[in-house]
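I have placed the structure first, in the form of structure tokens, so that the comments after it can refer back to it.
Here it is as structure tokens:
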């Protein structure tokens, strides 16, 4: 395999460039096709407006969390504290609103500020104290969990009806919450593609050493990524508060948003080791989850078996991506270094080939 | 830990060495453990009585065994998130299949071991051959296994194994003079730890560390990386199985037994100074990390801290502990990322000087003054340049980390 593919790779660079995002789309279409057949077999219509609405609603909360998680994973870090941030922000929002519509802006701002502070703490621990992101966010998550367990015995606060509308209304079959999620995704994609910090995230995630030697202040993208991740988790918490009408200290952990969001990000073709990936791939991954969940609930699968199916789908889907050769570099770099391929190419070229061979071997 | 207390008798350089080891990240977990144990004893003097202490070890045994299993996976550069679910599955298997028939104990035990090995094999093969990140594979396995177990039991506590089987986790050898009772789980832990130490000193154990440190060089050195990787997952699943056997007796049969064990194990291993990402760590320190974690919980209990704050304190402690070792290790760990530089510098002699210039460019003040020095230092072995850069910044810490570096290279 490794003997034949290099020539194929050089012959058709364009096809390879489309791979990563296309595969997610193809997988999504395949899942939808299989789901539609399965749903049709029990005599229901997969494409009915109500069902599509259900799927899109299912996407919104995990989508918010996964967008932020994408940024963090792009920087080769992880955020395991998101479920607790989700719970905390739903509680803060519901408590501050206290059923009064006039408090809504204040509560939203407060929630976002608190989340930003948590994200800042995560980012500083990761960058300044050099703690692995896995451990750092596990630790801050536990700290928040301790706070939640100590101060809240159950649901708390009350969300005014005006705010509950966000989770309840829709434009045609598209819920407002999903539209907001897609808007955030658009902003995230724009941020990654067009801003300096966004570009630096790819660089830092790809190889922090090289990024530093290239004159990038490597701490800042990481801190920003962690802050944005906590803020999107807080948005998910706000959305959950608007759906439930109250704040709940277990709403985040029940959803399992930490591991599921990481799974969705990886499902969307983002490398767990950082440096490569996209927001839209993540949205595709979230959509795959939502479709699978929806099909299972329409077919009334046992709730425990759902977890089995989810686990198998996660591994199988990621295996489909990775069994194809994975490029560890972003396409535009590969494109730029492919034409020369002289023997006296710089160290970066050698690195690129190494990484590619490592990936396929 | 006993070795530490015997060494303390020798004064002079031995003591200085010991102190340095305890302060260095590698030994920090032992220092933490001693501090915690002393603190517990101060709060509750009866804790130091041998019979009480052996109970403490009995309580730690399952966690320590799981941590030992997780150690091999982490030091090989992977994660195993499925351990908690394996523990749950094994507990439920034991509860349902053995029932009150004591004669079934041994066959079911064999079945559980085979099941554990199978889970590890599946994890390892998917990681090695389908190239799926271990985080995702074991996450999927965790969901699938837990879902399957709950589906089987209907989500409720079912089954109760024969007392003879529960005796493994509960009972022990009675009538021993000083400690009154020697629990089986302490013996099991001792055996597992001894086997783990022996195993990690063997060539195969060394290969695991080499693979975690740098998969490419391990492959070039002729390691069968798929088999090494797969066997680490099998070890971790088997250790989760053993922990499950102990927990059946100790905690009973319930689908919530074992929940969260994967994170506890990872926390313990990391507390033990094992670097996530692989290639660094000591199995005894990983086990000591489990002891330190449980000692921390015991201390919080005795100190009257509300149980809801336990998580918060645990979170703070692991961040501080890892930050301590990470900031001390910083110089060494950074060196890992710069793989291509040695290749470039060996082909062109000038490149190494350039590289060191670029490296010291990070601190512009010293760059102009010391660049000839660093260039001459780094030219023989470019890997040293991280160390050289580090020694330019703090004065005292590099000496310990350098010493640590040497012991690692020598061993």
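Chains as they are written, first to last, in this note's numbering: chain A, 1 to 361; chain B, 1001 to 1411.
Every residue gets a Cβ at the ideal spot worked out from N, C-alpha and C, and that includes glycine.
Since this is a predicted model, take the numbers as computed values, not measurements.
Say whether chain B places a C-beta atom closer than 7 Å to the C-beta of residue 167 of chain A.
Taking the first chain and counting its residues from 1, the one referred to as residue 167 of chain A is at position 167. Chain B, which has no Cβ nearer than 7 Å to the Cβ of residue 167 of chain A, makes this no.
Below 8 Å on the Cβ atoms is my guess for residue 1082 of chain B versus residue 1262 of chain B; work out the distance and round it to an integer in Å.
Position 82 of the second chain, counted from the first residue, corresponds to residue 1082 of chain B. Position 262 of the second chain, counted from the first residue, corresponds to residue 1262 of chain B. Confirmed, about 7 Å.
Excluding sequence positions up to five away, which residues of its chain have a Cβ less than 6 Å from the Cβ of residue 1205 of chain B?
To locate residue 1205 of chain B, count along the second chain from 1; it is residue 205. Counting only Cβ-Cβ distances below 6 Å, and skipping sequence neighbours, we find 1199.
For residue 1326 of chain B, which residues in chain A fall below 7 Å Cβ to Cβ?
If you number the second chain from 1, residue 1326 of chain B lands on position 326. Within 7 Å Cβ-Cβ: 129, 130, 131.
Report the option in A:277, A:166, A:279 whose CA atom is closest to the CA atom of residue 235 of chain A.
As a position in the first chain, residue 235 of chain A is number 235, starting the count at 1. It is A:166.
Hey, is residue 952 of chain B's beta-carbon within less than 7 Å of any beta-carbon in chain A?
The structure shown does not extend to residue 952 of chain B, since chain B spans only 1001 to 1411, so no value can be given for it.
What first and last residue would you give for the beta strand (DSSP E) that runs through residue 1174 of chain B?
On the second chain, position 174 is the one that residue 1174 of chain B refers to. Element bounds for residue 1174 of chain B: 1172-1176.
Considering only the alpha carbon of each residue, which of B:1320, B:1143, B:1284 lies closest to residue 1066 of chain B?
Counted from its first residue, the second chain places residue 1066 of chain B at position 66. When only C-alpha atoms are compared, the closest one is B:1284.
Taking the C-alpha atoms as reference points, what is the distance between residue 1071 of chain B and residue 1306 of chain B?
On the second chain, position 71 is the one that residue 1071 of chain B refers to. On the second chain, position 306 is the one that residue 1306 of chain B refers to. If you take the alpha carbons of residue 1071 of chain B and residue 1306 of chain B, they lie about 31 Å apart.
Using only CA atoms, which one of B:1190, B:1145, B:1221, B:1310 lies nearest to residue 307 of chain A?
Counting from one through the first chain, the residue named residue 307 of chain A turns up at place 307. For residue 307 of chain A, the nearest C-alpha among the options comes from B:1145.
Using a Cβ-Cβ distance under 7 Å, would residue 1323 of chain B count as near chain A?
For the purposes of this step, residue 1323 of chain B is identified with residue 323 of the second chain, where counting begins at 1. Closer than 7 Å to some Cβ of chain A, the Cβ of residue 1323 of chain B qualifies, so yes.
Could you spell out where the alpha helix (DSSP H) holding residue 79 of chain A opens and where it closes?
If you number the first chain from 1, residue 79 of chain A lands on position 79. Careful: residue 79 of chain A lies outside any alpha helix (DSSP H) and carries neither H nor E.
Would you decide whether residue 1253 of chain B is buried or exposed? Buried here means 16 or more other CB atoms lie within 10 Å of its CB.
Mapped onto the second chain, residue 1253 of chain B falls at position 253. Looking at its Cβ environment, which holds 16 or more other Cβ atoms inside 10 Å, residue 1253 of chain B is buried.
When Cβ atoms are compared, which residues of the region 26-42 of chain A fall closer than 7 Å to chain B?
Of all residues in the region 26-42 of chain A, none has a Cβ within less than 7 Å of some Cβ in chain B.
Can you give me, in chain order, the residues of the region 75-105 of chain A that have a beta carbon less than 7 Å from any beta carbon in chain B?
Listed by position, the residues of the region 75-105 of chain A near chain B (Cβ gap below 7 Å) amount to none.
Strictly under 7 Å for the Cβ-Cβ distance: is residue 1311 of chain B near chain A by that measure?
Against the second chain, residue 1311 of chain B aligns to sequence position 311. Closer than 7 Å to some Cβ of chain A, the Cβ of residue 1311 of chain B qualifies, so yes.
Along the region 154-184 of chain A, what residues have a CB closer than 9 Å to any CB found in chain B?
If the cut-off is 9 Å between Cβ atoms, the region 154-184 of chain A has nothing near chain B.
The alpha helix (DSSP H) spanning residue 101 of chain A covers which residue range?
If you number the first chain from 1, residue 101 of chain A lands on position 101. First-last for residue 101 of chain A: undefined, no H or E at that position.
Just to confirm, are residue 1069 of chain B and residue 1235 of chain B a CB contact at a threshold of 7 Å?
What you label residue 1069 of chain B is simply residue 69 of the second chain in a count that begins at 1. What you label residue 1235 of chain B is simply residue 235 of the second chain in a count that begins at 1. Yes, they are a contact pair.
Starting from the Cα of residue 254 of chain A, find the closest Cα among A:39, A:321, A:86, A:48 and give me that residue.
Within the first chain, numbered from 1, the residue matching residue 254 of chain A stands at position 254. Residue A:86 is the option with its Cα nearest to residue 254 of chain A.
Against chain A, which members of the region 1127-1143 of chain B pass a CB distance test of less than 8 Å?
Residues passing the 8 Å Cβ filter: 1130, 1131, 1132, 1133, 1135, 1136, 1137, 1139, 1140, 1141, 1142, 1143.
Mind listing the chain B neighbours of residue 308 of chain A? Cutoff is C-beta to C-beta under 9 Å, in chain order.
Translated into the one-based positions of the first chain, residue 308 of chain A becomes position 308. Those are 1143, 1144, 1145, 1146, 1147, 1148, 1151, listed as they occur along chain B.
Does any residue of chain A have a CB that is nearer than 7 Å to the CB of residue 1315 of chain B?
As a working note, residue 1315 of chain B is residue 315 in the second chain. Taking Cβ atoms only, chain A reaches closer than 7 Å to residue 1315 of chain B, which makes this a yes.
So the beta strand (DSSP E) residue 1107 of chain B belongs to, where does it begin and stop?
One-based indexing of the second chain puts residue 1107 of chain B at position 107. Taken as a continuous stretch (DSSP letters only), residue 1107 of chain B belongs to no beta strand (DSSP E), being part of the alpha helix (DSSP H) at 1105-1129.
Taking residue 1155 of chain B as the query, report the chain A residues whose CB atoms sit under 9 Å from its CB, ordered along the chain.
Sequence index remark: in the second chain, residue 1155 of chain B carries index 155 (1-based). Ordered by position in chain A, the residues that pass the 9 Å Cβ test against residue 1155 of chain B are 303, 304.
Classify residue 293 of chain A: buried if its beta carbon has 16 or more other beta carbons within 10 angstroms, exposed otherwise.
Walking along the first chain from the start, residue 293 of chain A turns up at place 293. Its Cβ being crowded by 16 or more others within 10 Å, residue 293 of chain A is buried.
Which stretch, first to last residue, makes up the alpha helix (DSSP H) that contains residue 1180 of chain B?
Against the second chain, residue 1180 of chain B aligns to sequence position 180. Element bounds for residue 1180 of chain B: not the alpha helix (DSSP H) but the beta strand (DSSP E), 1180-1183.
Assuming the contact rule is C-beta atoms closer than 8 Å, residue 173 of chain A and residue 49 of chain A should be a hit. Round their C-beta distance to whole Å, please.
Numbered from its first residue, the first chain carries residue 173 of chain A at position 173. Numbered from its first residue, the first chain carries residue 49 of chain A at position 49. That pair is a contact at about 4 Å.
Does the beta-carbon distance from residue 274 of chain A to residue 36 of chain A come in below 7 Å?
The sequence position of residue 274 of chain A within the first chain is 274, counting from 1. The sequence position of residue 36 of chain A within the first chain is 36, counting from 1. The answer is no: Cβ separation not under 7 Å.
Considering only residues of the region 87-157 of chain A, which uninterrupted alpha helix (DSSP H) runs meet the minimum length of 4 residues and lie entirely inside it, listed in chain order?
Counting whole runs of 4 or more residues, the region 87-157 of chain A contains the alpha helix (DSSP H) stretches 104-127, 133-151.
Let's see if you can read the secondary structure: which residues bound the alpha helix (DSSP H) around residue 226 of chain A?
As a first step, residue 226 of chain A must be located in the first chain, where it is residue number 226. Segment 219-244, the alpha helix (DSSP H) holding residue 226 of chain A.
Determine the closest residue to residue 1044 of chain B out of B:1321, B:1320, B:1300, B:1326, with distance taken between C-alpha atoms.
Working through the second chain from its first residue, we reach residue 1044 of chain B at position 44. It is B:1300 whose Cα lies nearest to the Cα of residue 1044 of chain B.
Can you tell me which of the three DSSP states residue 1062 of chain B falls into?
In the second chain, counting from the first residue as 1, residue 1062 of chain B sits at position 62. Reduced to three states, the DSSP call for residue 1062 of chain B is helix.
If you measure beta-carbon to beta-carbon, which residues of the region 136-156 of chain A are closer than 9 Å to chain B?
Correct list: 136, 138, 139, 140, 141, 142, 143, 144, 145, 146, 147, 148, 149, 150, 151.
Sort B:1058, B:1147, B:1267 by Cα distance to residue 301 of chain A and report the nearest one.
The sequence position of residue 301 of chain A within the first chain is 301, counting from 1. Considering only alpha carbons, the answer is B:1147.
Is the beta carbon of residue 1170 of chain B closer than 7 Å to that of residue 1249 of chain B?
As a working note, residue 1249 of chain B is residue 249 in the second chain. As a working note, residue 1170 of chain B is residue 170 in the second chain. Contact flag set, yes.
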